[in-house]
Amino acid sequence: MRTKIYPIKDILWFLAFLGLMSGIFRMWFGLGVTTNMVDSIPWGLWKILNMVAGAALATSGFTIGMLYYVFRIKLFKPLVVPSVVIAFLGYGSSLFSLLFDIGLPWRFWIPFVSWSPHSFLYEVFWCVSLYWAVTAFEFTPSLFDRFKSEKAARILHGMGFGAAVLGISLSSLHHSSLGSLFLVTPQRLFPLWYSSLLPLFFIISAMGAGMMFMLLLRILYAHFYDPEPVFGPMPKEGAITCSLDGTPVKATGSGKDMPMLETLAIIAVSILGVYLALKISDLFINGSWKYLTAGTWESWLYIFELLIGTVIPILLVALPKSRRSPTGLGIAALSASAGLVLNRLDVGIIGYFRDAGFVYFPSFSEWTLCLGIISATILVFLFFVENVSVFDENWKTRHVAKGIFSGSFDNLTHVLKSVLSETAQRVTLIAVISIPFAWIIQYPPYHESKNDATIVQPSIGLDALRKSLRIDGNRDGVFADFPHYEHQNRLGGEESCNNCHHLFLPGDKSTPCFRCHRNMLQSTLIFDHTLHVSAVADSEGFSGLHPENYTCKVCHTEGSVKTASNAKSCLECHNRDMGLADVKDSSLDISYATSYQRAMHGTCIKCHDLKAEELHKDQLNKCFICHKSLTPKDNLIDKMREPKLLLVENVRSESD
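Residue numbers (this note's numbering): 2 to 657.
Here it is in structure tokens:
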């Protein structure tokens, strides 16, 4: 007898094996080769989607526990164990994904022994780890029940209230701290998503959407395994088929669990309603509402996030017809869950695109590892559902059908049917297909491609404190190891920063060179017109539906064509907030930044020429002093004739 769940399991196994190979390649070849992460957007897909969003979706473990143990709402007793399982697997997979995301995964234990209580990230690590341990403890009684250890199960059940209270405390702490992690980037995160209330937003949205995710899983479980409690009593033959074993079931929505699910949905969307009201109020209080009407892609994305994360679920639950339908509740729950995931991606990744000047899109390996971990988590969840009393006791009597492939396969040969009838044989076949496939499409040496040699990348820290930096903008191997801390002390400490960092971005104190000098060989435009329009409207106090429309006259000559030639000088506005050093001409155009190579050589060579003359060290201004790969023994004269090094001579002649 064929069932609906087995084709889904096959897909999950396939993705899990792809993820397994991605994990192996990531550990072997490192983050740089297997991911598209950059220093300007260092928190990639695994940390945000698998960890931050994954932990938020798994909050039903503490929300359902709070409703049942603290508020004594006995109606939710059937959801206590499932919510604990979801929390256990959700947080477990989140911690597991972090092992792949951090640069030195074998040092994951360091926070346990090296305390840093002033760090939000440290607090998140401890709370998430401890909460996962609590969920494992809460789930243990169900395992003891499964193996008929009644005495041990009874003792642990008696400790359930204390464990639930501890879990509620830990979960509420780390969810608010996850929001606090992004409070340190007020100049970088797009204003629509940045707020001092981020910790509050994170905990409230996690509570509401987490309960909706629990609701979604309960409905999906009913659809695939036990439809009667949700979809209604078994009708006569000829009705719609919804059950796992093909039993005809009509989706009437009159099942005994529907009142529980309706009540849970009402509580969840009420919390989401509070979240929506706070978000909208915060936009007006902080003055960020003008970015909502700016017509940028960020504004449309923000509206879409609120729409699917709050508005659609609230409307579907508010309408009696959809609220009393498993399908309506399922769509509302799916929408709320997707909205939560999108919010975490916006705050953790997408909201930094404009400031970084770079659009991060995860590599294929990042996607496969991400989906592989999620798939493996779902497979473990299905294993528990089918072998432990999670949602109900029906697993004891349920006989899962063995047929898994369509009839067309069976008609071709009975041999294929018999071989594929067992789970172990089916999974083995999937592994035999997926692992070589993953190797071919993901093995890094097969797909090595040189990066665009003109796009500048950040300097590399040679030590944990970045006291020494490796300057290799285009990663071509002709690098210079720069003892930054040593130079700073030699030139007079922190007060000497302006000797090299001649300009800081507004509100910044240590803008790295690559943020402005973005091209290795060419000057680049660093002026962001859209950002300036919003900033000018804000600083001048313009009001109205589109205050940006009144900003042109502030910078451009009124009544003339608005071009760069008739705009006021940048320094007329930025002579104080950009940390300018040694700038005498107020009409200087700083909207363009010279090439990275010229900026580096123009700064270093000029100083080295002076020091060579002052200290009578003739070689101090030679290329090999900084570029250790270029030594006299390597026939430097011939090397200097290479095109990329001829630029060094050109820059030196210009600086002289």
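Every residue gets a Cβ at the ideal spot worked out from N, C-alpha and C, and that includes glycine.
Rounded to the nearest angstrom, the gap between the Cα atoms of C627 and R519 is 21 angstroms. With contacts defined as CB atoms closer than 8 angstroms, H485 and K468 qualify as a contacting pair. Per DSSP, the unbroken alpha helix (DSSP H) holding R324 starts and ends at 321 to 324. Closest by C-alpha distance to F203, out of L179, H224, L184, F214, is L179. Pairing E549 with V562 gives a Cβ-Cβ distance that is not under 8 angstroms. Its chain contains G508, D509 as the residues whose beta carbon lies nearer than 7 angstroms to that of Q188, once the 5 sequence neighbours on both sides are disregarded; these appear in chain order. Y361 is the residue among D590, S592, N576, Y361 whose C-alpha sits nearest the C-alpha of V39. Assigned with DSSP and collapsed to three states, L492 falls in coil, not helix or strand.
Annotation: R471 is outside any alpha helix (DSSP H); the continuous beta strand (DSSP E) that includes it extends over 470 to 472. Y444 and W368 have their C-alpha atoms spaced approximately 14 angstroms apart. The beta carbon of P200 sits closer than 6 angstroms to those of S177, G180, S181, all from its chain and outside the five residues before and after it, given in chain order.
Annotated as distal: N37 and S94, with beta-carbon spacing of 8 angstroms or more.
Taking a cut-off of 8 angstroms for Cβ pairs, the segment 71 to 84 and the segment 42 to 51 do not touch, as fewer than three such pairs fall below it.
Across the set I472, G545, C571, the C-alpha of C571 shows the shortest separation from the C-alpha of L504. Non-local C-beta neighbours of P112 in its own chain, meaning closer than 8 angstroms and more than five positions away in sequence, comprise Y123, F126, W127, ordered along the chain. By the beta-carbon neighbour count (other beta carbons within 10 angstroms, threshold 16), A600 is buried. Between V231 and L265, the C-beta spacing is not below 8 angstroms.
Taking every protein chain shown into account, the CB of N344 has 16 or more other CB atoms within 10 angstroms, so this residue is buried. Look at I65 here: in three-state DSSP terms it is helix. A direct Cα-to-Cα measurement between L277 and M212 gives close to 16 angstroms. Contact check for L19 and F382: beta-carbon distance about 19 angstroms, past the 8 angstroms limit, so the pair fails to qualify.
Excluding the 5 residues flanking it on each side, W440 has same chain C-beta neighbours closer than 8 angstroms at M22, in chain order. Judged by their CB atoms, R476 and Q458 are nearer to each other than the 8 angstroms cut-off. L526 is bridged by DSSP to Y593. Under the three-state reduction of DSSP, A465 is assigned to coil, being neither helix nor strand. The three-state reading of DSSP puts A295 in coil, since its state is none of H, G, I, E or B. Spanning the alpha carbons of M259 and A333 requires a straight line of approximately 15 angstroms. The bridge partners DSSP lists for F483 are L470. The residue among I87, S61, G542, K612 with its C-alpha nearest the C-alpha of I268 is S61. The continuous alpha helix (DSSP H) containing N287 extends over residues 259 to 287. Counting only the Cα atoms, F15 lies some 8 angstroms from I434. In the structure shown, A59 adopts coil according to DSSP, grouped into three states. When only Cα atoms are considered, I272 and T64 end up about 11 angstroms apart. Under the three-state reduction of DSSP output, H557 falls in the strand class.
Counting of Cβ neighbours within 10 angstroms places G24 among the buried residues, the total reaching 16 or more.
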